[in-house]
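Enquirer: This is the structure, below, for whatever I ask next.
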Amino acid sequence: MSSRDPRGSRSARCPNCGKRRLVPVDDITSEIEGYTFVEQGLRCAACGEEFIPEEESQRMIRVARRLGIWGEPLKLRRKLSRSGRGTVLRIPTDIERSLHLHGDEQVLVSKAGKKIIIELGP
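The sequence shown begins at 1 in this note's numbering and counts up one residue at a time.
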């Protein structure tokens, strides 16, 4: 086991601070879409950095998929259209149903590079 791989024994070196103080823990928490997951892994006693092994991460992903909060990336081709002085994007019915949209919701629209991000508002 190399000193860069924190998944092994206590003698593994922390990639964050470089000290050999990784201890096994079973209280690492991750949050996805409002759900909290508790996982096992290693925590550096010196700096507090946490490391979750691949198999533990995959277990969390399987549970999240069963709950319907970790889907496969969805990419649908849609054509934009004009309406008055604006551009319109139609939301597909299956997405509308799964998000329980009624057509009168407030949304937050932002731009990240060449991506348009639409979030349901408060």
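Just so you know, even glycine gets a beta-carbon here, dropped at the ideal spot from N, CA and C.
Bear in mind that the values here come from a model prediction, so they are computed numbers and not experimental data.
Taking the alpha-carbon positions, what's the Ala12 to Arg20 distance?
Expert: Using only the alpha carbons, I get a separation of about 6 Å.
Enquirer: Is any beta-carbon of chain D found at less than 8 Å from that of Cys14?
Expert: As a matter of chain content, chain D is missing from the structure shown, which is built from one protein chain.
Enquirer: Could you give the residue range of the beta strand (DSSP E) that holds Leu22?
Expert: Per DSSP, Leu22 belongs to the beta strand (DSSP E) from Leu22 to Ile32.
Enquirer: For the segment 53-69 against the segment 25-44, are there 3 or more C-beta pairs whose distance is under 8 Å?
Expert: The segment 53-69 is in contact with the segment 25-44.
Enquirer: Using the three-state DSSP reduction, which class does Arg82 fall into: helix, strand or coil?
Expert: Note: Arg82 maps to strand in three-state DSSP.
Enquirer: Does DSSP put Gly103 in a helix, in a strand, or in coil?
Expert: Note: Gly103 maps to coil in three-state DSSP.
Enquirer: Note down the Cα distance separating Ser3 from Asp26, rounded to an integer number of angstroms.
Expert: Because the pLDDT at Ser3 is just 43, under 50, the model does not fix this residue reliably, and the point stays unresolved.
Enquirer: Can you tell me which residues form a DSSP beta bridge with Ile118?
Expert: According to DSSP, which records beta bridges pairwise, Ile118 is partnered with Val109.
Enquirer: Could you work out which residue in Gly68, Glu105 and Arg97 is closest to Tyr35 when comparing CA atoms only?
Expert: With distances taken between Cα atoms, Tyr35 lies closest to Gly68.
Enquirer: Between Gly121 and Glu105, how many whole angstroms is the CB-CB distance? I'm expecting something under 8 Å.
Expert: With a Cβ gap of about 7 Å, Gly121 and Glu105 count as contacting.
Enquirer: Around the Cβ of Leu108, are there at least 16 other Cβ atoms within 10 angstroms (buried) or fewer (exposed)?
Expert: Under this definition Leu108 is an exposed residue.
Enquirer: To the nearest whole angstrom, what separates the beta carbons of Glu50 and Ile28, a pair I think is in contact under 8 Å?
Expert: Between Ile28 and Glu50 the Cβ distance is about 5 Å, and since that is below 8 Å, they are a contact.
Enquirer: Rounded to whole angstroms, what is the Cα-Cα separation between His100 and Lys75?
Expert: Approximately 19 Å, taken between the alpha carbons.
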